[in-house]
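Report on the structure given below.
In my numbering, the protein residues as written are 275 to 589.
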């Protein structure tokens, strides 16, 4: 009799344990599927893809996250074109009104048009192509720079995140469960960051490689020449790697020297944020893209530079 009671107790405990695990999994799945809608800096997780589907809009006919622009919209206005990648597009920023481009146009007023020409994942060479293809000329070009923009200057090698895809035996689970997907990419990201040759080390090597740097320097000088050919003024904004601000300084110093030699004004964001807490600078712990607070700081410091650059040009 006693053995039967023990067996029943054991079975009951197992049932309760299994039920508790299933309940925790279901609750976690509901949370990560419907509540945890966040970017991750990599664009690989289901939560990030969900975020892009929900928040990455409006998209105009040029494919940019911006309002539609026509020639009539630009009549009698000083035109400012902001060129860049995900930092300018506002990855992680739910409302476009919180991006520095949109804050800037509100500060400038109705006599100005600020056009956002940006796309996630672009390097400098690709940004140049987007700039070349854009049909409207501008009075001022604001070019956003981030250290990974050098990637396309290495014609021989791309940085590859090896062995990050889920193993085949759990791929179906990672691709269907938001909870499991979050855990998988969280662990994978940690593995990448802590690998012997992580992305930051590879990036430093690109700036130190004479061949890659030569190619990249030519890209930067081409930006200047293109703006000069259009009779457009140029202003460069330098963003540090927000998760590694001290480590990215040497990279930005090299970029700064190139534009200083061309007498191009440069706004170095790292000099504006020394007193700001690191967690306030980024979208989240999972995504090191600029936060709403940083976008506001950028806009406030860009405003006087834009006014100075376009002094006497306001239509």
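For glycine and all other residues, C-beta sits at the position ideal for the given N, C-alpha and C. Computed from a predicted structure; not experimentally measured.
Residue from the options with nearest C-alpha to residue i
i	options	result
residue 522	477, 487, 536 and 579	477
residue 528	483, 567 and 565	483
residue 450	413, 539, 324 and 377	324
residue 584	366, 514 and 508	508
residue 367	567, 535 and 310	567
residue 505	414, 438, 469 and 454	414
residue 595	544, 539, 474 and 538	Here the chain covers residues 275 to 589 and nothing more, so residue 595 does not appear.
residue 562	312, 297 and 289	312
residue 456	289, 295, 309 and 292	309
residue 465	330, 438 and 475	438
residue 460	329, 559, 378 and 391	559
residue 375	525, 573 and 581	573
residue 441	458, 295 and 346	458
residue 371	289, 330 and 346	330
residue 428	380, 581, 492 and 290	492
residue 351	364, 412 and 334	412
residue 473	517, 430 and 496	517
residue 322	467, 365, 382 and 581	365
residue 557	369, 535, 291 and 468	369
residue 496	292, 536, 347 and 542	536
residue 479	463, 524 and 467	524
residue 320	462, 454, 481 and 581	454
residue 326	290, 360 and 382	360
residue 581	469, 379 and 463	379
residue 590	469, 467 and 526	No information on residue 590 is available, as it lies outside the stretch 275 to 589 that the chain covers here.
Distance CB(residue i)-CB(residue j) smaller than 7 angstroms
i	j	result
residue 569	residue 341	no
residue 423	residue 397	yes
residue 416	residue 356	yes
residue 555	residue 565	yes
residue 339	residue 452	no
residue 387	residue 353	yes
residue 419	residue 510	yes
residue 426	residue 399	yes
residue 494	residue 532	yes
residue 392	residue 358	yes
residue 421	residue 295	no
residue 530	residue 540	yes
residue 571	residue 546	yes
residue 389	residue 343	yes
Per DSSP, the bridge partner or partners of residue i
i	result
residue 386	352
residue 556	564
residue 507	414
residue 392	358
residue 542	512
Within-7 angstroms CB hit, residue i to chain D
i	result
residue 378	The chain inventory of the structure shown lacks chain D, comprising one protein chain alone.
Worksheet item: Looking at C-beta atoms only, is the number of pairs between the stretch 315-334 and the stretch 283-302 that lie closer than 8 angstroms three or more?
Response: In short, these stretches do not touch, since the Cβ pair count stays below three.
Worksheet item: Would you say the stretch 438-455 touches the stretch 498-508, given that touching needs at least three Cβ pairs under 8 angstroms?
Response: The stretch 438-455, when compared against the stretch 498-508, does not touch it at the 8 angstroms Cβ threshold.
Worksheet item: Which residue spans inside the stretch 326-380 form an unbroken beta strand (DSSP E) run of at least 3?
Response: If you keep only unbroken beta strand (DSSP E) runs of at least 3 residues inside the stretch 326-380, you get 352-358.
Worksheet item: Would you call the stretch 545-557 and the stretch 474-488 touching, i.e. three or more CB-CB distances under 8 angstroms?
Response: No contact exists between the stretch 545-557 and the stretch 474-488.
Discussion item. Quick test of the definition: if touching needs 3 or more C-beta pairs under 8 angstroms, does the stretch 387-407 touch the stretch 283-295?
Written reply: Result no; under three Cβ-Cβ pairs closer than 8 angstroms.
Item to complete: Ignoring anything shorter than 4 residues or poking outside the stretch 397-457, list the alpha helix (DSSP H) runs there in chain order.
Response: For the alpha helix (DSSP H) assignment, the uninterrupted runs of no fewer than 4 residues enclosed by the stretch 397-457 are, from N- to C-terminal side, 398-407 and 442-450.
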